[in-house]
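In this note's numbering, the protein residues as written are 30 to 370.
Read the structure below first, then the notes.
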């Protein structure tokens with residue numbers, strides 16, 4: 030922390046280096062700004078390992094490695110971030126978080142065995158995330174790869190993500206996000222949401238996902254909202270998607286209730302509109318390859334599907350589509366979508 034304080038205050042060169050060829054046991058640490066230098070560089074070449082939760086002595090921790098209000102931050106290298114996995118799964122702990130960090134660059138690191146979600150970006154304007162490898166067991170709970178919320182102007186590219194939950198999730202108050210070249214699997218796909226929990230109001234727009242691969246995932250391109258919410262999720266595109274034995278390749282779910290207990294039946298919902306799915310090809314592990322389940326009260330509007338070709342992975346089944354209260358158009362789409370209004 031002394032080194033960080035010197036860097037942040039401008040007393041020393043704004044470079045923090047974790048050297049290669051060594052392993053560092055790092056207890057939970059938070060790096061606070063704002064800092065005097067306009068650019069700060071953290072080079073991670075070594076291996077950083079979290080303590081075991083038994084050694085830490087508490088299961089209440091928001092973030093293992095957190096950066097707060099540090100603008101112009103670069104974190105890069107070929108090092109490894111090891112969160113020690115299973116012992117921490119019930120602690121609701123992010124492995125690495127960036128909160129209020131404008132103009133962030135995160136590049137090249139290898140994340141394994143996260144405590145819960147691997148990377149959180151919140152309250153930030155301008156972030157470029159690329160060439161990450163994120164790995165967690167497919168049975169690990171809530172180990173999202175990258176969570177983005179309350180942020181704008183974010184780019185994610187050329188990452189390989191295999192987790193027990195969403196590879197990438199876009200939360201509330203998020204806009205102008207561009208994702209390209211992500212290989213996802215195992216995991217729960219790339220998801221907008223969940224939105225509208227506990228009657229919350231969502232504002233999510235301009236989310237664009239392009240040239241991604243879903244392999245053995247529970248979902249592919251997904252939008253999920255809770256009943257009882259309000260607000261909107263709009264101007265969302267999924268383009269040029271490859272599927273390899275993916276369940277639920279295309280899914281809009283306005284009745285999201287993952288535990289299927291105490292699921293309320295409410296009239297209000299987040300309004301979903303101006304969504305396009307274009308250029309999907311490959312195989313589905315579920316025969317119901319396209320699911321558009323929209324609210325009876327609000328519905329989904331201006332949904333577009335074009336150039337879709339999704340076959341059954343089993344070879345002896347045939348894929349089909351289903352939808353309720355969905356309005357839009359489908360062109361050159363297989364399985365055929367005759368239920369759009």
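In this text, a Cβ means the ideal position worked out from N, Cα and C, and glycines have one as well.
- A distance below 8 Å separates the beta carbons of residue 236 and residue 265.
- In the structure shown, residue 33 adopts helical secondary structure according to DSSP, grouped into three states.
- In this structure, residue 108 and residue 138 form a Cβ contact; the two beta carbons are roughly 6 Å apart against a cut-off of 8 Å.
- Three or more beta-carbon pairs drawn from the region 218-233 and the region 196-203 are found closer than 8 Å, and the two stretches are therefore classed as touching.
- Scanning its chain for C-beta atoms nearer than 7 Å, with the 5 sequence neighbours on each side dropped, one finds around residue 341 the residues 312, 313, 316, 347, 348, in chain order.
- Going by DSSP, residue 282 is part of the beta strand (DSSP E) stretching over 279-282.
- Minimum Cα-Cα distance from residue 33 among the listed residues 327, 172, 50, 97 corresponds to 97.
- Counting only the Cα atoms, residue 363 lies some 14 Å from residue 352.
- Secondary structure of residue 291 (DSSP, three-state): coil.
- When secondary structure is reduced to three states using DSSP, residue 234 falls in the strand class.
- Residue 30 is classed as exposed because its beta carbon has fewer than 16 other beta carbons within 10 Å across all chains shown.
- By the Cβ rule, the region 239-246 counts as touching the region 211-220, because three or more pairs are nearer than 8 Å.
- In the structure shown, the three-state DSSP call for residue 85 is helix.
- Annotated as proximal: residue 272 and residue 310, with beta-carbon spacing under 8 Å.
- The Cβ atoms of residue 176 and residue 153 lie no closer than 8 Å to each other.
- Residue state for residue 115 is assigned as helix, using DSSP reduced to three classes.
- In chain order, 47, 75, 76, 77, 78 place their CB closer than 8 Å to the CB of residue 53, counting only its own chain and leaving out the 5 sequence neighbours on each side.
- Between residue 159 and residue 144, the beta carbon gap of about 23 Å keeps them out of contact (Cβ cut-off 8 Å).
- Around the C-beta of residue 58, fewer than 16 other C-beta atoms lie within 10 Å, and the residue is accordingly described as exposed.
- Note on residue 67: under 16 other CB atoms within 10 angstroms of its CB, so exposed under the neighbour-count rule.
- Taking a C-beta distance under 8 Å as the contact criterion, residue 299 and residue 332 do not qualify as a contact pair.
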